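In what follows, a structure is listed as structure tokens, so that the remarks can point back to it.
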Amino acid sequence: MKKVLTFLIAAVIIVATTAVLVPVGLSYLSNLEQRGISIRGAPAEEIWQVQGNFNENVWKDSFDSSIKITNLRDRDFWIYFEYTGDLKQIFKHSDPVLVEAGKTQEIMLYPLDDKDSLRVLNPLDIIEFDKCKWKWKIFSGTIIIKTLNCYAAHETGKITISGKTLWDVFFSQKYGIDPCQYYTYEVAEKENIPEQTRKRGENEEDNVQIVLENSNNLVEEIEGFRARTFIKPVIQVIDKIAPGLWEEREYLRKKATAASHQMNGLKKHLKTMIEKTARLQEKIANQQDLIMNLHARINSLENETIRLNNHVNSLQDNVAPKGGSSPGPSPAAEPEDKNVPTGSGVQTGAATDNAAVSPSEQTEDNTVGQNSSHENPTGDVLDSTADQDAGDNSQDTTSSSQNSTTGEASSDNSSDQSNSSNNNNDGHTNSTKSSSEDS
Amino acid sequence: MKKIPLAIISILALTTLVVLTSGAWFTGSANTESRIIQAGTLDLGLELKEIPEAGGTITGDETWIPGDYQQIMINISNKGSLASRWRLGIIPNQDYSTLLADEMVLSFFCQDENGGWKLIRSDRLSNLLVEDETDNWLYDEDLALAKGIDFQAIEPGESLTFLMEVEFEMTAMADLQGEKFNGNIVLQGAQVNDESWFPSAEVDFNVNGGDE
Chain A
9 MKKVLTFLIA
19 AVIIVATTAV
29 LVPVGLSYLS
39 NLEQRGISIR
49 GAPAEEIWQV
59 QGNFNENVWK
69 DSFDSSIKIT
79 NLRDRDFWIY
89 FEYTGDLKQI
99 FKHSDPVLVE
109 AGKTQEIMLY
119 PLDDKDSLRV
129 LNPLDIIEFD
139 KCKWKWKIFS
149 GTIIIKTLNC
159 YAAHETGKIT
169 ISGKTLWDVF
179 FSQKYGIDPC
189 QYYTYEVAEK
199 ENIPEQTRKR
209 GENEEDNVQI
219 VLENSNNLVE
229 EIEGFRARTF
239 IKPVIQVIDK
249 IAPGLWEERE
259 YLRKKATAAS
269 HQMNGLKKHL
279 KTMIEKTARL
289 QEKIANQQDL
299 IMNLHARINS
309 LENETIRLNN
319 HVNSLQDNVA
329 PKGGSSPGPS
339 PAAEPEDKNV
349 PTGSGVQTGA
359 ATDNAAVSPS
369 EQTEDNTVGQ
379 NSSHENPTGD
389 VLDSTADQDA
399 GDNSQDTTSS
409 SQNSTTGEAS
419 SDNSSDQSNS
429 SNNNNDGHTN
439 STKSSSEDS
Chain B
406 MKKIPLAIIS
416 ILALTTLVVL
426 TSGAWFTGSA
436 NTESRIIQAG
446 TLDLGLELKE
456 IPEAGGTITG
466 DETWIPGDYQ
476 QIMINISNKG
486 SLASRWRLGI
496 IPNQDYSTLL
506 ADEMVLSFFC
516 QDENGGWKLI
526 RSDRLSNLLV
536 EDETDNWLYD
546 EDLALAKGID
556 FQAIEPGESL
566 TFLMEVEFEM
576 TAMADLQGEK
586 FNGNIVLQGA
596 QVNDESWFPS
606 AEVDFNVNGG
616 DE
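Just so you know, the protein sequences line up as chains A and B, in that order. Numbering follows the numbering used here, with no gaps: position 244 of the first sequence is 252. Numbering follows the numbering used here, with no gaps: position 5 of the second sequence is 410.
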């Protein structure tokens, strides 16, 4: 029995050992053979480590972005950058940067070069809008750092750069210009921004709010602002960016200014000429009036002469029957006789004799005189206009004859003048006064 | 004395019973399947071995980044008693990532007369898949014929060595992360002058594009 028992125990042990060890052993061998190929792509955190945040002040001085990238792999890789938002206008599109295996690389972000600067700083914009616009503008965006054909990418947080920093970077450092003096002094006063607001403006986070607060007034101030001290560095910059542009602009400006002055002079001259023309026209009108008056006066004198001749003839006729026959005066001597009589006797006689003259004769004589006065204006106006001095002389003569004429003659003359003036042109009432003024 | 033979018989019987019950001896090793053809067996073995000394940027379980590649030695051995034809291919599982398969490049080399490596074919993984509608074997008789290579059937006890290079292309981008490809490298064997193919061995071929 003991042997049977021993046999059974041995059998159980053998079976148990076989049942346990054989599958385990075979499974191990099977796993070895079925290991196969297993490929697992690396997540970003196993490729690199990105440290640091963009610091505007550090970047302004050294273009160091304050961002460091550590290569966690055992082979080198290249990194490259993509900019979003306004940062596209600020940073130069940089070449890929090599990060060696296991090493840390500081990232430098260079601003746009001379050629690219036109994208962000157009010289014309500088001229037109100047730095006021820049100081308060906030440029923001993100930087996407990529490697391995964008297999791994890292996007930074929002990066903001103030316009003042850009101004310093683009002009102060790039072109050796110190904008501090005119920038802080001139602009601050021109913008008329409260001191507290300006102080707050030093903090980047407040800039956006400040821009909103001052946006309404700032637009007007920018449009009305004419920088004085600003223009000098701008010229320097423009000469470097676009040589000749400023000179050409200045040349054209000078030309335009000269043309403008010339135009103003011409306008003044034209105005003076118009005024002179008006005065001449007025003088011409006065001279015409004077000529009319002279013709009327001549007619009246002729009538008077005829009337005196008639009176003399009637007197001679009256004398001849009383004093016997005597040869009468020759008609040629009548004008000389007309000037001879003096004193009121002749005038008195004339007055009485004048009434004796038949109305038909008076009418006939006046008609002759009036006709002549009608004919003369058309022909003599041009003469009197052409020769003003002659008119003046005749006027003097007229006035002297008027002075020598008295009593009824002057009253007749005035009536004749009024008739002739009524028959002729308008405005003779005034022209009489003006003619006396002219004389 | 009569009990001793009885005990021996009992032990053999139990051992046989245990082995057959566990099924480990014949079916548990690398999915190999032996077929008895005529008076012998077809039994092909497949062994993959990493050879970092020959080149490559990846060793062990390192994670891959675009541009990494790995060289793997493939050893095919005939453990059966009959000469065997063979073919090697990759069969994907369902719902694999074609995006990822497009970024993996496989190159297959054979040994030349001078002991160097001769490129047989190099293509994207997506073009080297054996699927229902496609029959793109990594290496088979047709390919050898097209390439002018003298295809060798493996004699019993002999083995052939090939080199396969797997590359994660530089064009791979971040959108590959989270993508997966799962499949098997499959070795099939057939008796000379027989059109019937039998699976001989297979190993996993898995690619993970990375964590999202």
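The beta carbon of each residue, even a glycine, is placed where N, CA and C say it ideally should be. Predicted model only: the values in this text are computed from it and were never measured.
Helix, strand or coil at residue i [DSSP, three-state]
i, result
"A:Gln270", "helix"
"B:Val597", "coil"
"B:Gly588", "strand"
"A:Gly171", "helix"
"B:Gly445", "strand"
"A:Asp325", "helix"
"B:Ser605", "strand"
"B:Ala488", "coil"
"A:Glu114", "strand"
"B:Ser502", "coil"
"A:Gly44", "coil"
"B:Glu610", "For the record, residue 610 of chain B in the displayed sequence is Phe; it is not Glu. Looking at B:Phe610 - three-state DSSP - the assignment turns out to be strand."
"A:Gly93", "helix"
"A:Gln295", "helix"
"A:Phe147", "strand"
"A:Lys11", "helix"
"A:Lys166", "coil"
"A:Tyr190", "With a pLDDT of 39 at A:Tyr190, under the threshold of 50, the modelled position of that residue is not reliable, and the figure given next carries that caveat. Reduced to three states, the DSSP call for A:Tyr190 is helix."
"A:Met448", "Outside the modelled stretch of chain A, which goes from 9 to 447, sits residue 448 of chain A, for which no answer is possible."
"A:Met300", "helix"
"B:Gln582", "coil"
"B:Pro410", "helix"
"A:Ala264", "helix"
"A:Ala18", "helix"
"B:Ala418", "helix"
"A:Ala286", "helix"
"A:Ala250", "coil"
"A:Asn411", "Unreliable positioning characterises A:Asn411 in this predicted model, as indicated by a pLDDT of 41, which lies under 50. The coordinate reading is nonetheless provided below. Reduced to three states, the DSSP call for A:Asn411 is helix."
Whole-Å CB distance - residue i paired with residue j, under 8 Å assumed
i, j, result
"B:Thr566", "B:Asn480", "5 Å"
"B:Ala577", "A:Tyr159", "5 Å"
"A:Gly60", "A:Ile75", "5 Å"
"A:Ile146", "A:Thr168", "5 Å"
"A:Thr26", "A:Gln57", "A:Thr26 to A:Gln57, Cβ: 54 Å. No contact."
"B:Ile470", "A:Leu156", "6 Å"
"A:Leu106", "A:Trp86", "6 Å"
"B:Leu548", "B:Arg526", "7 Å"
DSSP beta-bridge partners of residue i
i, result
"A:Val107", "A:Phe85"
"B:Glu452", "B:Asn480"
"B:Gly494", "B:Val591"
"A:Gln59", "A:Lys76"
"A:Pro119", "A:Phe99"
"A:Lys154", "A:Tyr88 and A:Ala161"
"A:Gly49", "B:Trp469"
Under 9 Å from the C-beta of residue i: neighbouring residues of chain A
i, result
"B:Val510", "Neighbours of B:Val510 on chain A: none; closest Cβ ~12 Å, over 9 Å."
"B:Lys408", "Lys11, Val12 and Phe15"
"B:Ile477", "Ile45"
"B:Leu581", "Gly49 and Tyr159"
Chain A contact residues for residue i, given Cβ-Cβ distances below 8 Å
i, result
"B:Ala577", "Gly49, Leu156, Asn157 and Tyr159"
"B:Arg611", "This sequence places Asn at residue 611 of chain B; Arg is not what is there. The contacting residues are Gly44, Ile45, Ser46 and Ile47."
"B:Phe573", "Ile47 and Gly49"
"B:Gln516", "Within 8 Å Cβ-Cβ: nothing; B:Gln516 doesn't reach chain A, min ~20 Å."
"B:Ser596", "Here residue 596 of chain B turns out to be Gln, not Ser, going by the sequence shown. Residues of chain A passing the Cβ test: none, with the nearest at roughly 23 Å."
"B:Ile590", "Gly44 and Ile45"
Proximal residues of chain B, C-beta to C-beta of residue i below 7 Å
i, result
"A:Arg81", "Ile470"
"A:Ala463", "A question about residue 463 of chain A goes unanswered here, because the residues of chain A that appear run from 9 up to 447."
Within chain A, partners of residue i - CB distance below 7 Å
i, result
"B:Ala412", "Phe15"
"B:Gly614", "Gly49"
Within chain B, partners of residue i - CB distance below 8 Å
i, result
"A:Glu54", "Thr468"
"A:Ile22", "Ile416, Leu419 and Thr420"
Scan the segment 505-576 of chain B and note each continuous beta strand (DSSP E) run of 3 residues or more that stays entirely inside, going in chain order. 509-516, 522-529 and 564-573
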